[in-house]
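From first to last, the protein sequence lines stand for chains A and B. Numbering-wise (numbering that gives the first Met the number 0), the first sequence opens with residue 0 and increments by one. Numbering-wise (numbering that gives the first Met the number 0), the second sequence opens with residue 0 and increments by one. Ideal Cβ placement from N, Cα and C applies to all residues, glycine included. First comes the structure, then the notes that go with it.
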Amino acid sequence: MKISRGRLGLAIGALSVAAVVLSGCATSTGGSDEGSSSGGGDLIVGTTDKVVSLDPAGSYDNGSFVVMNQVYPFLLNSKYGDATVSPDIAESAEFTSPTEYTVKLKKGLKFANGHELTSSDVKFTFDRMVKINDPNGPASLLGNLASVAAPDDTTVVFTLKNGNDQTWPLILSSPAAPIVDEEVFSPDAVTPDADIVKGDAFAGQYTIDSYKLNELISYKPNKDYQGNLGPAQNTGIQAKYYADASNLKLAIGNGDIDVAFRSLSATDVESLKGNSKVKIVDGPGGEIRYIVFNFDTMPFGAKTAEADPAKALAVRQAMADLIDRNAVAKDVYKDTYSPLYSFVADGMPGATTVLKDMYGDGNGGPDQAKAEKVLKDAGITAPVTLNLQYNGDHYGPSSGDEYAAYKTQLEKGGLFKVNLQQTEWVQYSKDRSADVYPMYQLGWFPDFSDPDNYLAPFFMKDNFLANHYDNPAVNDAIVQEQTETDQAKRLEEIGQIQEMVAKDLSTLPILQGKQVAVVGKNVQGTTLDASFKFRYAPLKK
Amino acid sequence: MAVDAGAALAPVQPRSKSKGGGGLWRYILVRLVLIIPTVFILVTTVFFLMRITGDPITAALGGRLPADQLAQRIHEAGYDRPLIVQYGDYLAGILHGDFGTTITDRRPVTAILLQYGSATLELAIYALIVALIISIPLGLIAAYRRDRWQDATLRVMAILAYATPIFFAGLLLKLVFSVWLGWLPVSGRGNTRTELLMSGIDTPTGLYLLDAIRLGNGPAIADVLQHAILPAVALGLLTAGVFLRLIRTNVIGTLGQQYVTSGRSRGVSEYRLLTKHAYRPALIPIITVMGMQIALLLAGAVLTETTFEWKGIGFMLAEYLKSRDFVAVQGIVVMIAVVVAVTNFIVDIVAAFIDPRVRY
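Encoded structure:
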């Protein structure tokens, strides 16, 4: 085959001409002042989170909820720095009878597309959520909802199946409750992201002016937002999505982005502490890590050859005496996790230090003598063999170091011999509820910011752990706090429940994840609070 | 996959001409028909392998739901049906052109193929250009300096280039040129401004460089090219190693031909002999191998795109694999299989036309 120089030149020439001709063929509506150097208060936020869907009915994950918190209004919401909820686009919200929760909307509410936001939209929002009941969605949070009525344009009445549900106001600020536009969203199917963006169906603090799934979202402040959180302090946000935490770290470290939020590894955060271009901001996180005990299969469990509930309890208590949370938080997680001595996450109403008071040296440290005494008093001859399971692909590679540390701590005084085992996540998920693991690692991120969400799912009969824990007194106490209308009394009851479950130790809370954001030196307004909602609006530089 | 450079110099086989004159057409037909079992075997393998690794619902909700609720969700999604039934449904869908909708982000697989396929195509083109730029001159030098230190060095470099794991080469390039020197971007196809520009184009091609040229936006063109350098080099090196050895071998072969010796005796300069007389005939096998390298490039694209967050088909494949999204993975693999099979088919046909040594 012969390619002459003339032909090559002709080809290059043709390409050049094509490029010049094509240059006149495209127009773009995107683009503004550049990226990291964008002036006028625009900020770039980087994350490794992923968006599943912009439709609240079709997603129940952190990545999607972060977007929803920026663009959708809520009836009730938590103000910056506060875990409790108060009216957002509502004027008032209260129980008008034990099974009726009435919300009055502010007048003149509008979506960014000009559509009026009325009680009809609110009713539509909840009705469709229940009707669609998407497997990826949060419809399960509305299990106590019987019906929704919209007697007039600004009044919404929620009828509940069980009266005085004290978690209901929190559910109205949860992933099940972003208010959507009935003129844009489908009543019986998850609405595609493109339709939502095209319909400009937003009434939160921001609108979306450019959207590329899991690549880039460009937000502009919504001038029509009338909620209680106030207007955005910046002129826009570009959210950039990274697949790899190391790329996110490099981007924030180089100053390519202004904020990195979720999820940098502990070592990345540690190394960025020495970077003069950035600062680390942290706040309480809702995520907790704990060990679950299977009451049937753990040492001396109900279905073992040496079944003895008292001895099984002694084993759990001795383990609680020996675990050194501080060491793990510091050495393994570089203080991106903090020690957890409460069943309700620290920072939430109702959080206590019950496990610090009851176990170990009383100051959060281990106590070998105490653990020895517990076992001895129960008539247990050391060492007790523990088969402890953990998972590295779901809870992160540091889980290996974390559980290696527990093994060392538990074996140090000769009371226990620990066999560590790791299993891939899908198999782990099946095995853990099939009585395969005597004791195992698990994590939890709350559905909504209420202490009950750290109690009912774990300690009620037939809880999701399926660990055969059943204490009728605890069960009754949880039902009681869920319907207690006096908030002070409710918190007292929540404290009492934690004392009860601390004695039983069906789970052993160990660590609580911090929310960590790495931001540029000139970025202000980063707010990480116990609402566990990361809001872009207060950010500025 | 490495290609044996020596294969290009395989003994020339006599062409077996069909008496009826339909030999070439039969050859084309056979090659075309062979695409079907190739794709079918791959689809079947991927389908059953994906099912063995678990279902996406357990992967997402295994730590939150009781076993009975989890089982109910799996049942509702139909993942507890007999595998053969699921397989039959899937094949029926493919035959109707329906690759399904992804489980994790509810996008039609065809839309994903279109959106991200262009990114991979762009990367493959860049990589091919890099491979040619590196391999042609170095291959010529290696051939011209045969068995001297330059040749030995280049041969070692070529082996290193295609033997080095692509993710390692990528990480190394990133470490040096992005982190230490700060010359080139760490990841992505463009900076935030470019990405915004691209997402605002009315009729995008998906090829960022072409779209930036169409916009006539100089900074965007420069930015796109800057972002392309490291991924293109990482992926291109892999192919460059193969090309370099192939060019060297073929040019050595042609340098020994009678017409080259005659040219030399007539006083044609060594440079001209090398770059014109010996080099051009040696290019034919390169064109053939170039087609076969598409499979190598697509395989390499998964690692390159993941390393540099180049959001193409390879990147998406890795993402969907992590979330065990059956539908997406199957769709992407089928697409890759079809592309590779069709490309190889075209290469075979082109080779049959231009190379008299090809038998049919």
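- From the beta-carbon of B:Leu234, no residue of chain A is found nearer than 7 angstroms; the closest lies around 17 angstroms away.
- Rounded to whole angstroms, the separation of the alpha carbons of B:Val288 and B:Gly262 is 29 angstroms.
- For A:Asp87 and A:Thr482, the gap between their C-alpha atoms comes out near 24 angstroms.
- Listed along chain A are Ser432, Asp461, Asn462, Phe463, Leu464 and Ala465, each with a C-beta nearer than 9 angstroms to that of B:Pro65.
- Interface residue (Cβ-Cβ distance to chain A less than 9 angstroms): B:Ser268 is not classified as such.
- In terms of Cβ geometry, A:Ala89 and A:Val70 do not form a close pair [threshold 9 angstroms].
- One Cα belongs to A:Asp430, the other to A:Ala82, and the distance between them is close to 35 angstroms.
- The stretch 232–247 of chain B and the stretch 292–303 of chain B touch, with three or more beta-carbon pairs separated by less than 8 angstroms.
- In this structure, DSSP gives B:Trp309 a state outside helix and strand, which the three-state scheme calls coil.
- A straight-line Cα-Cα distance of about 11 angstroms links B:Met291 and B:Val341.
- At least one beta carbon of chain A lies nearer than 9 angstroms to the beta carbon of B:Thr103.
- Annotation for A:Pro186: Arg127 place their beta carbon closer than 6 angstroms to its own, counting only its chain and skipping 5 residues before and after.
- Shown in chain order are the members of the stretch 403–434 of chain A whose Cβ falls below 9 angstroms from a Cβ of chain B: Glu423, Trp424, Val425, Gln426, Tyr427, Ser428, Lys429, Arg431, Ser432 and Ala433.
- A:Asp295 places its beta carbon 9 angstroms or farther from that of A:Asp392.
- Cβ neighbours of A:Asp60 within its own chain (closer than 6 angstroms, five residues either side excluded): Val51.
- A distance below 9 angstroms separates the beta carbons of B:Leu196 and B:Ala219.
- With 16 or more other Cβ atoms inside 10 Å of its own Cβ, A:Ser398 counts as buried.
- Of the other Cβ atoms in all chains shown, 16 or more fall within 10 Å of the Cβ of A:Ala536; this residue is therefore buried.
- For A:Ala175, no CB of chain B lies under 9 angstroms from its own CB, so it is not counted at the interface with that chain.
- One thing to note: A:Glu423 has its Cβ no nearer than 9 angstroms to the Cβ of A:Asn474.
- With respect to chain B, the C-beta atom of A:Gln237 has a partner C-beta closer than 9 angstroms.
- Pairwise C-beta distances place the stretch 72–81 of chain A out of contact with the stretch 240–248 of chain A, as fewer than three of them are shorter than 8 angstroms.
- Runs of beta strand (DSSP E) with 3 or more residues, each lying fully within the stretch 175–235 of chain A, are found at 205–211 and 215–220, listed in chain order.
- Taken atom to atom, the span from the alpha-carbon of A:Lys105 to that of A:Phe157 is near 17 angstroms.
- In this structure, the straight-line span from the alpha carbon of A:Thr166 to that of A:Ser63 is close to 22 angstroms.
- Contacts with chain B at 9 angstroms (Cβ-Cβ) include A:Tyr210.
- In this structure, A:Val66 sits away from A:Ser172, with a CB-CB distance that is not shorter than 9 angstroms.
- About 39 angstroms separates the Cβ atoms of B:Gly87 and B:Phe307, ruling out a contact at the 8 angstroms cut-off.
- In the three-state reduction of the DSSP assignment, A:Met499 falls in the helix class, which pools H, G and I.
- Taking 9 angstroms as the cut-off, the beta carbon of B:Asp324 is found closer than this to the beta carbon of B:Ile102.
- Annotation: A:Asp281 is outside any alpha helix (DSSP H); the continuous beta strand (DSSP E) that includes it extends over Val277 to Phe292.
- Boundaries of the alpha helix (DSSP H) around B:Leu237: Gly217 to Leu254.
- Inter-residue distance for B:Tyr26 and B:Thr109 is about 31 angstroms (C-alpha atoms, whole angstroms).
- Within chain B, the C-beta atoms nearer than 8 angstroms to that of A:Val189 come from Arg105, in chain order.
- Scanning the stretch 142–179 of chain B for uninterrupted alpha helix (DSSP H) segments of 4 residues or longer gives 148–162 and 165–172, listed from N- to C-terminal end.
- Contact of B:Ile56 with chain A is assigned, a C-beta pair being separated by under 9 angstroms.
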